[in-house]
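Note sheet for the following structure.
2 protein chains.
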Amino acid sequence: MTDFSATRALFDLPPDLIYLDGNSLGPLPKAAPARMEQAMREEWGAMLIGGWNKAGWMEQPRALGDRIGRLIGAEPGHTVVGDTLSIKVFQALAACVEMRPDRRVILSDTGNFPSDLYMAEGLIRMLGGRHELRLVDPEAVEDAITEELAAILITEVDYRTGRRHDMPRLTAKAHAVGALTIWDLAHSAGALPVEVGRGGADFACGCTYKYLNAGPGAPAFIYVAPRHAGRAVPALSGWLGHRAPFAFEPSYRAGDGIDRMRVGTPPVLALAALDAALDVWDTVDMATLRQESLRLTDRFIAGVEAACPELEVVTPREHDRRGSQVSFRHPEGYAAMQALIARGVVGDFRAPDIMRFGVTPLFIDEADIDRAITIIGAVMNERLYDAPLYRTRSAVT
Amino acid sequence: MTDFSATRALFDLPPDLIYLDGNSLGPLPKAAPARMEQAMREEWGAMLIGGWNKAGWMEQPRALGDRIGRLIGAEPGHTVVGDTLSIKVFQALAACVEMRPDRRVILSDTGNFPSDLYMAEGLIRMLGGRHELRLVDPEAVEDAITEELAAILITEVDYRTGRRHDMPRLTAKAHAVGALTIWDLAHSAGALPVEVGRGGADFACGCTYKYLNAGPGAPAFIYVAPRHAGRAVPALSGWLGHRAPFAFEPSYRAGDGIDRMRVGTPPVLALAALDAALDVWDTVDMATLRQESLRLTDRFIAGVEAACPELEVVTPREHDRRGSQVSFRHPEGYAAMQALIARGVVGDFRAPDIMRFGVTPLFIDEADIDRAITIIGAVMNERLYDAPLYRTRSAVT
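Listed in order, the protein sequences are those of chains H and D. Residue numbers for the first sequence follow this note's numbering, so the first one is 1053 and each next one is one higher. Residue numbers for the second sequence follow this note's numbering, so the first one is 1053 and each next one is one higher.
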């Protein structure tokens, strides 16, 4: 069991703010600045180059990977941290394509996060344009899984709608036709229990700055199923994926298992923040988290619907078909979200008309949900968003 | 002019340590922990998702890129920070190969840092194995520049020997035969004045954790010459290299100029440390730095040679043929370096027999050099390294 009033106390949140955007950028864990200062002063400052050995910097990508691995149901020793999610998607895709040399199609859906699609486009270009990135509607993915496919590249939880794909089902279908699976867990890791191991995922990757709360631009992670760990060829064959990085050999030899998915020097300072963020997660039971997330999102959906019928719920209502965010559609969504933010309810907007709210039990409770509903009701019903101030678009929306 | 006693005061160095390893990992700038705490508490903690706009996180990779750009002679607006050096080398290589579709050879030398070679190997593999990575001895590079080449991939200053290639000369020769140039500045940026613009470099990249002192695993940078900025196709086409990242378009459109070399979400916390590290550099005149570096390295070479004739100098003596490190060869190099470290003289060892010392005027002065010479003399002449303790290899050497 997890005591969520205890986890809430572990975050530094501005007073009077209802932060429903932890699905975009998680808040600051209270312990993170001290952990960072320790990494800077006691490790970097005092140990200097010796930190690679004395502070264990070199091993952190795997150690932290395993702590994330617990949250996503990965077998120990098969998850590693580094780079950005786009880079990790690229590595997974390139490995899949190489493992299915006679197949030419990568399947994804129109709800996938664009960077995943861009990386696939770029890879296909590099491979000579002989492959096809086939995009179908999210609801059509299952039927589109055919023997043409090298791999499916699917984000489990849709960044706009919060709709959740059925990982075990799609994975089983992909395997039945001989295709591999890549699961992007950007909106899953820390949002709900994931079972990459039991679910049969071949590759999975995600970021750590959303539900995992490791800070803006925190590094990504990648999981490779044990059965592929020694076979998946690393596309970005950097020295830290080499079997013996410090032998400085002239030719690349892939490292053991997940190590080969490492590329360059680990981002030690960013890993210190991730370390502190994962300390919070080490106290969390994922089943309890899910229960609380569903209780709060049910309450939020019902409350907002009752308060403002003009907001169309686009997130599926069925529990097993959604993640931990709730999205609504409204033609004035952009201005409405600005008006909400001005009143201390922070969600975000995704073009063309989606208002997104992340519900994160680690620091959001029932009182927050109820207060958010009241404020959303007032902003929508009294058209408080109808002011030029709220219509000015900022650079990053 | 630069006052190096003033810059020295800007670093937090352990007392009684002569740190001659700033060419591997620079020391902690005193201002960095406070800058980091500000980024964590005042930006991430207080602004949360609003930090992307309010704190300008999204623009930092270019702003910091330009501050590095001054140190390497780049035209403003053509350097960007992100990822690791291996990733940036990959991007530069992929762009070159695409710009020279009728050419099949990438030239590098056996003194290059292995990760650069590994990334080239991996790229060639992905491109179908039709290209060749041709390795020649460093001294043979110039003669090996022929019309077969798509690009030369050269690290300006050799990580083991400190030997420096002649960038303008090799670049001119490459251009004369229609080849492009990629300069790895890992051991150049912050070590000596570099002129990528006037020198004609097509692409350049480097890391920020060595001479630039931005911390362990700090992000890399890449420069693309203005004449290629709008034509170089980005190999790793992530969303932040897109022309309109927040339009979430289904297909990739390369961003303007250097922006297209961005891949994923910027590492904001790591950038805060880099920002503080570059504050020191903003006070430094590169010509003065070089003058002082040469004065100190000359003194170091002469002193060590006089004190211990058995240490063979492998760094070229001519000023224009070396960077800011001095390397010696000795069969007992590993143990000798451990013995030196135990006595407060920190350099490092590179297999099979190289003892490396970085001479970094920002925080190393004449008194340090003289004391280091005395200790090196004692360790070598009295064979103080001849103890089992010093022969045990650590994981990271």
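For every residue, glycine included, the Cβ atom is placed at its ideal position computed from N, Cα and C.
Look at the alpha carbon of D:GLY1097 and the alpha carbon of H:LEU1346, and state the distance between them as a whole number of angstroms. 26 Å
Are the C-beta of D:ALA1403 and some C-beta of chain C separated by less than 8 Å? Structure shown: chain C not included; protein chains present are H and D.
Counting only C-beta atoms, is D:LEU1232 closer than 8 Å to chain H at any point? no
Strictly by DSSP, which residues pair up with H:GLY1258? H:PHE1273
Neighbouring residues, chain D, relative to H:SER1289 (Cβ below 7 Å): TYR1170, MET1171, GLU1173, GLY1174
Is H:MET1313 closer than 8 Å to H:ILE1274 when the C-beta atoms are compared? yes
So, is the C-beta of H:ARG1312 closer than 8 Å to a C-beta in chain D? no
Helix, strand or coil: how does DSSP classify H:THR1449 here? Any reading at H:THR1449 needs caution, since the residue's pLDDT is 49, under 50, leaving its predicted position unreliable; the model's value is listed next. Three-state DSSP puts H:THR1449 in coil, outside helix and strand.
Going straight from the alpha carbon of H:ARG1060 to that of H:LEU1348, what length do you get? 15 Å
Taking CB distances under 8 Å as the criterion, tell me whether D:ILE1139 reaches chain H. yes
Interface residues of the segment 1084-1098 of chain H facing chain D [CB-CB below 7 Å]: ALA1084, PRO1085, MET1088, GLU1089, MET1092, ARG1093, TRP1096, GLY1097, ALA1098
Considering only the beta carbon of each residue, do D:PHE1063 and H:ARG1402 sit closer than 8 Å? no
Would you call the segment 1259-1274 of chain D and the segment 1291-1307 of chain D in contact, with 3 or more CB pairs under 8 Å? no
Taking the straight line between their C-alpha atoms, what separation do you get for D:THR1449 and D:TYR1442? Per-residue confidence for D:THR1449 stands at a pLDDT of 49, beneath the threshold of 50, marking its modelled position as unreliable; no derived number is given.
With a threshold of 8 Å between beta carbons, is D:PRO1302 in contact with chain H? yes
Hey, out of D:SER1057, D:ALA1058, D:PHE1056, D:ASP1068, whose CA is closest to D:ARG1423's CA? D:ASP1068
Taking only beta-carbon atoms, is H:HIS1382 less than 8 Å away from chain D? no
For D:ASP1189, return the contacting residues in chain H, with the cut-off set at a CB-CB distance below 7 Å. Near D:ASP1189 there are no residues of chain H at all, since even the closest Cβ is about 12 Å away, more than 7 Å.
Just the chain H side, please: which residues come within less than 7 Å of D:TRP1235 by C-beta, in chain order? Ordered by position in chain H, no residue passes the 7 Å Cβ test against D:TRP1235, which lies about 18 Å from the chain.
Proximal chain D residues relative to H:TYR1071, where beta-carbon distance stays under 7 Å: LEU1100
Given a threshold of 16 other Cβ atoms within 10 Å of its Cβ, counted over all protein chains shown, does H:ARG1155 qualify as buried or as exposed? buried
Determine the contact status of H:ASP1405 and H:PRO1383, defining contact as a CB-CB distance below 8 Å. yes
Along the alpha helix (DSSP H) that carries D:PHE1352, what are the first and last residues, could you check? 1338-1359
Proximal residues of chain H, C-beta to C-beta of D:THR1162 below 9 Å: PRO1302
Which term fits H:PRO1302, buried or exposed, when burial requires 16 or more other beta carbons within 10 angstroms of its beta carbon? exposed
To the nearest whole angstrom, what separates the beta carbons of H:ASP1311 and H:VAL1132, a pair I think is in contact under 8 Å? 7 Å
In whole angstroms, give me the CA-to-CA distance for H:GLU1094 and D:ARG1445. 23 Å
Mind pulling the alpha helix (DSSP H) runs of 4 or more residues that sit fully within the segment 1134-1159 of chain H? 1137-1151
Does any residue of chain D have a CB that is nearer than 8 Å to the CB of H:PRO1413? no
Span separating the alpha-carbon of H:GLN1090 from that of D:ASP1073: 21 Å
Starting from the beta carbon of H:ASP1064, find every residue of chain D whose beta carbon is closer than 8 Å, and list them in chain order. ARG1093, GLY1097
Which residue's Cα is closest to the Cα of D:PHE1470: D:THR1335, D:PRO1245, D:THR1426, D:VAL1378? Nothing can be reported for residue 1470 of chain D: it is not among the residues displayed for chain D, which extend from 1053 to 1449.
I'd like to know if D:HIS1280 contacts chain H, where contact means its C-beta is closer than 8 Å to some C-beta of that chain. no
Residues near D:LEU1185 in its chain [Cβ-Cβ closer than 7 Å; skip 5 each side]: ILE1158, SER1160, LEU1169, ALA1172, GLU1173, ILE1176
Counting contacts by CB-CB distance shorter than 8 Å, is H:THR1449 in contact with chain D? Residue placement at H:THR1449 cannot be trusted, given a pLDDT of 49 that sits under 50; what the coordinates show is reported in the next sentence. Closer than 8 Å: yes.
Could you pull out every residue in the same chain whose Cβ sits closer than 8 Å to the Cβ of D:PRO1153, ignoring the five residues on either side in sequence? none
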